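> Read top to bottom, the protein sequences are chains A and B. First residue of the first sequence? That's 0 in numbering that gives the first Met the number 0, and the numbers climb one at a time after it. First residue of the second sequence? That's 0 in numbering that gives the first Met the number 0, and the numbers climb one at a time after it. Virtual Cβ for every residue (Gly too), placed ideally from N, Cα, C. For clarity, every value in this text was computed on a predicted model and none was experimentally measured.
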Amino acid sequence: MNVLFYVAAAVAVICTFMVITNVNPVHALLYLIVSLLSVALIFFLLGAPFAAALEVIVYAGAIMVLFVFVVMMLNPEAHTIQSRKQLLRPRMWFGPAVLAAILLGELIYVLTTGSVSFPVNAGVGPHALSRALFGPYVLGVELASILLLAGLVGAYHLARPETPTAAEGDDR
Amino acid sequence: MISIPTAHALFLAGILFLLGLVGVMVRRNIIFILLGLEIMLNASGLAFIAAGFHWGRPDGQIMFLFILAMAAAEVSVGLALVLHLYHRIHTLDADQADRMRG
Chain A
0 MNVLFYVAAA
10 VAVICTFMVI
20 TNVNPVHALL
30 YLIVSLLSVA
40 LIFFLLGAPF
50 AAALEVIVYA
60 GAIMVLFVFV
70 VMMLNPEAHT
80 IQSRKQLLRP
90 RMWFGPAVLA
100 AILLGELIYV
110 LTTGSVSFPV
120 NAGVGPHALS
130 RALFGPYVLG
140 VELASILLLA
150 GLVGAYHLAR
160 PETPTAAEGD
170 DR
Chain B
0 MISIPTAHAL
10 FLAGILFLLG
20 LVGVMVRRNI
30 IFILLGLEIM
40 LNASGLAFIA
50 AGFHWGRPDG
60 QIMFLFILAM
70 AAAEVSVGLA
80 LVLHLYHRIH
90 TLDADQADRM
100 RG
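Okay, here's the thing in structure tokens:
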């Protein structure tokens, strides 16, 4: 099982290196999604299946979708058709596809060898996690909810369309 | 059956954190700076998960949940600031935003 960890770690490091050296934001986002998937696999191997699921759902799903939305909104109109043509070239998606295929191979290996339930025995499952989360850490849950509410209100305040009267109030 | 050394997991977390830090310090595109911040937060979450695995306690995963909530709030406000900045200075270069106005 250690081989799975080291292969996933290598994929994560390569993807992250490609993220910080890439020029195109969309390609960097693709590499970062693959990096987050490999980190989710590492979480699973480290006995944290719930955290692995949240990594895929929240990080690779929600947060990266926010980044993709912003990149698409900021894309100048003139380059849209050209970049769409470039996206169909093989060398644009070859790197993320190979690295994601490595992760898929690891997944198939884990599923076929029938050892899919080993981290649950070795680690902490969702039951013990939620018992601790809503027991001694319930104050942290409340603080996290307040933080998310503050993030919601702050994002709405910053991203609303700027009317002249609102701009006067903003400038202070 | 599974015996990943905790030091190796922490080593991986350190490498990812350093890569994110280099990304934040080297790149000047503000989208890439936010991506570097995400990489650093994710690496710190990996360190917490590895520590929780080492002691067999749920506390590491709970800290990861809090980091996740904090990253979600941070990225929503950060991207709203990016949109605001782009509408004001019409570029994503962070060095162009060196003057505060108002």
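For the alpha helix (DSSP H) containing VAL81/B, list its first residue and its last residue.
58-88
> Between the alpha carbons of CYS14/A and LEU18/B, how many angstroms are there, rounded?
Near 10 Å, if we compare the C-alpha coordinates of LEU18/B and CYS14/A.
> Could you name the residues of the same chain whose beta carbon sits closer than 8 Å to that of GLU37/B, not counting the 5 residues immediately before and after it, in chain order?
GLY19, ALA70 and VAL74
> For the ligand NAD, is there a heavy atom less than 8 Å away from the beta-carbon of GLY104/A?
Ligands displayed in this structure: none; no statement on the ligand NAD is therefore possible.
> Cα-Cα, which of ALA50/B, THR90/B and ASP58/B is closest to TYR136/A?
ASP58/B
> Looking only at C-alpha atoms, which of MET39/B, ILE30/B, ALA6/B and VAL25/B sits nearest to PHE68/A?
ILE30/B
> Considering only residues of the region 19-63 of chain A, which uninterrupted alpha helix (DSSP H) runs meet the minimum length of 4 residues and lie entirely inside it, listed in chain order?
Fully contained in the region 19-63 of chain A are the following alpha helix (DSSP H) runs of length 4 or more, in chain order: 24-44 and 48-53.
> Step through the CB atoms of chain B and report whether any lies within less than 9 Å of the CB of ILE41/A.
yes
> Suppose contacts are defined by Cβ-Cβ distances below 9 Å. Is ILE3/B in contact with PHE52/B by that definition?
ILE3/B is a Cβ neighbour of PHE52/B, given a cutoff of 9 Å.
> Using beta-carbon positions only, say whether LEU19/A and ALA8/A come within less than 9 Å of one another.
Here the sequence assigns Ile to residue 19/A, which means Leu is not the residue at that position. Not in contact: ILE19/A and ALA8/A (Cβ atoms no closer than 9 Å).
> Identify the contact partners of PRO89/A in chain B, using a Cβ-Cβ distance below 7 Å as the criterion.
Within 7 Å Cβ-Cβ: nothing; PRO89/A doesn't reach chain B, min ~24 Å.
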